[in-house]
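Chemist: Here it is, the structure, as structure tokens.
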Amino acid sequence: MKDHQIEVRVRYSETDQMGVVYHGNYIPYFEIGRVEWLRNKGISYKKMEESGIALPIVSMNINYKKSARYDELLTVHTVFKSQTSVKIEFDCAIYNEAEELLTTAQFILVFVSLKTGRPIAPPDYILELLKTIE
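Reading the sequence shown from the start, the letters are residues 634 to 767 in my numbering.
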């Protein structure tokens with residue numbers, strides 16, 4: 634399956650005085666979605682890093698449509714879009730409890746060697762997984 638969903642509750646510390654989620658706090662919500670997408674597919678981000686591979690963001694585009702608010706239960710949708718050589722792309726969206734679309738985003742991440750800091754090809758076990766869902 635190309636997609637995964639996870640729920641995240643908005644914490645008070647993520648909001649401003651009006652109870653609205655600060656725009657920068659959507660990025661960690663999307664990160665939770667990507668990490669859990671990987672975990673759901675049997676890939677541990679922690680083990681990937683322990684094996685010397687990181688997956689930093691090199692490009693992101695976020696479109697805010699409606700505000701998330703304190704104590705709302707949000708659903709983060711993460712969809713695998715594509716993988717080419719060293720890059721992997723995801724399309725993401727966040728919905729509130731009323732199933733209203735709040736935010737969309739597109740992310741490009743690059744597989745990087747922690748030893749050299751340079752882009753590398755994804756490990757075989759990730760390539761095999763991605764072949765089964767493309």
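Glycine included, each C-beta is placed from N, C-alpha and C at the ideal position.
All of these numbers come straight from a predicted model, not from anything done at the bench.
For a quick check, are the C-beta atoms of C725 and F740 less than 8 Å apart?
Modeler: Yes, the pair counts as a contact, with Cβ atoms nearer than the cut-off.
Chemist: How big is the Cα-Cα spacing for Q638 and A738?
Modeler: One C-alpha to the other measures close to 14 Å.
Chemist: Report the residue ranges of all beta strand (DSSP E) runs contained in full by the segment 677 to 736; include only those spanning at least 3 residues, in chain order.
Modeler: Fully enclosed beta strand (DSSP E) runs of 3 or longer: 690 to 697, 706 to 717, 720 to 728.
Chemist: Inspect the beta-carbon positions of T736 and F723 and report whether they are closer than 8 Å.
Modeler: Against a cut-off of 8 Å, the Cβ pair of F723 and T736 comes out as no contact.
Chemist: Three or more beta-carbon pairs under 8 Å between the segment 740 to 750 and the segment 689 to 698, yes or no?
Modeler: Enough Cβ pairs lie closer than 8 Å, so yes.
Chemist: Would you call the CB atoms of E682 and L760 closer than 8 Å?
Modeler: Their beta carbons are not under 8 Å apart, which means E682 does not touch L760 by this criterion.
Chemist: Select from F663, V643, I753 the residue whose C-alpha is nearest the C-alpha of Q716.
Modeler: Among F663, V643, I753, the Cα nearest to that of Q716 belongs to I753.
Chemist: Put I741 into one of helix, strand or coil per three-state DSSP.
Modeler: Strand, per DSSP.
Chemist: Got a sec, what are the start and stop residues for the alpha helix (DSSP H) R672 sits in?
Modeler: Here the alpha helix (DSSP H) through R672 covers 659 to 673.
Chemist: When you compare only the Cα positions, how much space is there between L762 and V709?
Modeler: L762 and V709: Cα-Cα distance of roughly 22 Å.
Chemist: Rounded to whole angstroms, what's the CA-CA distance from I721 to P661? Just pull it up for me.
Modeler: Going by the C-alpha atoms only, they are around 18 Å apart.
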